[in-house]
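Asks: Keeping their order, the protein sequence lines are chains A and B. So in the working numbering, spot 149 of the first sequence is number 149, and the numbers just go up one at a time. So in the working numbering, spot 158 of the second sequence is number 158, and the numbers just go up one at a time. Built from N, CA and C at the ideal position, the CB exists for glycine as well. No experiment lies behind these values; they were computed from the predicted model shown. My questions all concern the structure below.
Protein chains: 2
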Amino acid sequence: MKNNLIIIKVGGGILNDNRLFKIFLENFSKIKETKILIHGGGIIASNYMTRLGIPPKLINGRRITDEKTLDVVIMSYAGLINKKIISVLQKFKCKSLGLSGVDCNLIRAKRREVKEIDFGFVGDIQEINTDFIEELIKLNITPVICSLSHDGNGQILNTNADTIASKIAVDLSKKYDVTLKYCLETDGVLTDKYNPKSLKKTINFKEYKVLVKQNIITDGMIPKIENCFIAMKKGVKNIFIGNHNIIKNENDCTKLTIE
Amino acid sequence: MKNNLIIIKVGGGILNDNRLFKIFLENFSKIKETKILIHGGGIIASNYMTRLGIPPKLINGRRITDEKTLDVVIMSYAGLINKKIISVLQKFKCKSLGLSGVDCNLIRAKRREVKEIDFGFVGDIQEINTDFIEELIKLNITPVICSLSHDGNGQILNTNADTIASKIAVDLSKKYDVTLKYCLETDGVLTDKYNPKSLKKTINFKEYKVLVKQNIITDGMIPKIENCFIAMKKGVKNIFIGNHNIIKNENDCTKLTIE
């Protein structure tokens, strides 16, 4: 029998709200199973960029990362956000370690090739160092991973946090029963976005496709959910999408199902 | 017999010079013994503070760290500088892990009491988690530690990197034969600061006191060297002060001696 592993990706809306941030981390620290937290921090990076006179550029929700942008992204993700998370988790007696994909070669990536768009210093994941994650788990350390990777040749790369969460979940599914939870600002998949009561408690691939056609699932939610179904096919046992309460309560969010 | 451990504190002048930065890290990666790197990054933090419209405040070389300053310090030390170091070390195949004193409770500190000066969010070290450092060493991981600590209650604190280096060196001396090297912009202790040939190859406490009286050792070098002599009394085996070549060559720098 495999051990359970809970992987949680926390969104920018929670990171950027002091009250939710603390509630979320207190709940996270109470998870008894082995756990991993994954975060980005685009809102906070964009705020600092604006203050530094560097205009944030996004195409379809993906950041164009030139050299100056990359520096602010590294500072925000691996510095400010990651260390603030760790300091709060330590307060709640969670033995946590802040990581980027650069540390111990955790996430090796390839700089995205220029096609129609030059995304700049953006990396597509090639390999996760799962041996290192397992070494930490054996030491009862909770990894808190920010969304940066590297090319192995001295270049840090900006990498989508959802994709990192999904790739780590898939790769660790060989050894663990993995539950992956995406914590967002919304309650999950709503069929009417103005009515929280329209929450779909479960969704399968067919239903998802219909909701995309009906323009109910749109924008950034499309690649997020698409990725989730791929991850499930590749062995991730459970995937949930919901708000910050998802850690404690799996009933008021959306559970993805194969059938 | 104890194993050797090399602890290197690298100064801002090297971190801030692209060419020296790479030479330094390449040499560091070639050290065969167990090793730890410790850094701050005051110059880079001050640059970002100026760009963000936060005036840097320093008294006797020590930074007054208000809330906004602390955020920039965290971003610069644990984010930009730490991760850039790691990405270069990974290139040189050094299995390195970037840490702050917050991670796994590595450095617990107490916020400095307000006496004549309110230093703000500045921490005086209470305890180093040497167990965690040893766990990493057993995994052949090279820790790269930036100069932040925490109070265990959710507050990150700015802490002097020289002091961290010296405290870690002392605490690990119980289990290792520790050599501590301070890499600065200067070649070591010079009796005539305009003449590199006046380098003192060794210095004992008496000679140090005389040079302070003669105003030859001044400013920030006084607490640095004072701390070194204390560290030697507490068990650190060798201490060297010199430029970036100190890693490869222990002859062209200043070695502190007990007698």
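Does any CB atom of chain A fall closer than 9 Å to the CB of GLN214(B)?
Replies: no
Asks: Taking Cβ positions, are ASN261(A) and THR65(A) nearer each other than 9 Å?
Replies: This structure gives no information on residue 261(A), because the portion of chain A shown stretches from 1 to 259.
Asks: Nearest chain A C-beta to LYS91(B) closer than 9 Å, yes or no?
Replies: yes
Asks: Using alpha carbons as the reference points, say which of GLY242(B), LYS35(B), ASN140(B), VAL102(B) lies closest to ILE128(B).
Replies: VAL102(B)
Asks: Between ASN105(B) and the rest of its own chain, which residues show a CB-CB distance below 8 Å, the 5 nearest in sequence each way excluded?
Replies: Taking C-beta separations shorter than 8 Å and ignoring five residues to either side along the sequence, the partners of ASN105(B) in its chain run ASN129, PHE132, HIS150, GLY152, following chain order.
Asks: How about SER35(A): is its C-beta nearer than 9 Å to some C-beta of chain B?
Replies: Residue identity differs from the one stated: residue 35(A) is Lys in this sequence, not Ser. Chain B, which has no Cβ nearer than 9 Å to the Cβ of LYS35(A), makes this no.
Asks: Look up LEU148(A) in the DSSP assignment and give the residues it is bridged to.
Replies: ASN158(A)
Asks: Please name the residues in the region 141-153 of chain A whose beta-carbon is closer than 8 Å to at least one beta-carbon of chain B, in chain order.
Replies: ILE141, LEU148, HIS150, GLY152, ASN153
Asks: Which of the three DSSP states is assigned to ARG112(B) in this structure?
Replies: coil
Asks: Interface residues of chain A around ASN105(B) at Cβ under 8 Å?
Replies: For a Cβ distance threshold of 8 Å, residue set GLN90, LYS95 of chain A lies close to ASN105(B), ordered along the chain.
Asks: Over what stretch of residues does the beta strand (DSSP E) that includes ASP177(B) continue unbroken?
Replies: 176-183
Asks: For VAL102(A) and chain B, any beta-carbon pair shorter than 9 Å?
Replies: yes
Asks: Does any CB atom of chain A fall closer than 9 Å to the CB of ALA109(B)?
Replies: no
Asks: If you draw a straight line from the C-alpha of ASN204(B) to the C-alpha of ILE222(B), how long is it?
Replies: 14 Å
Asks: Please specify which runs of the alpha helix (DSSP H), each continuous and at least 4 residues long, are wholly inside the region 47-133 of chain A, giving them in chain order.
Replies: Inside the region 47-133 of chain A, DSSP marks whole alpha helix (DSSP H) runs of 4 or more residues at positions 67-74, 82-91, from first to last along the chain.
Asks: On the three-state DSSP scale, how would you describe LEU5(B)?
Replies: strand
Asks: What three-state label does DSSP hand THR254(B) in the structure shown?
Replies: Collapsing the DSSP output to three states places THR254(B) in a strand.
Asks: With distances taken Cα to Cα, identify the nearest neighbour of SER76(A) among GLU113(A), VAL122(A), VAL210(A), LEU148(A).
Replies: LEU148(A)
Asks: So, does the CB of ASN82(B) fall closer than 9 Å to a CB anywhere in chain A?
Replies: yes
Asks: With distances taken Cα to Cα, identify the nearest neighbour of GLN126(B) among ILE43(B), GLU26(B), ASP171(B).
Replies: Comparing Cα-Cα distances from GLN126(B) to each of ILE43(B), GLU26(B), ASP171(B), the minimum goes to ASP171(B).
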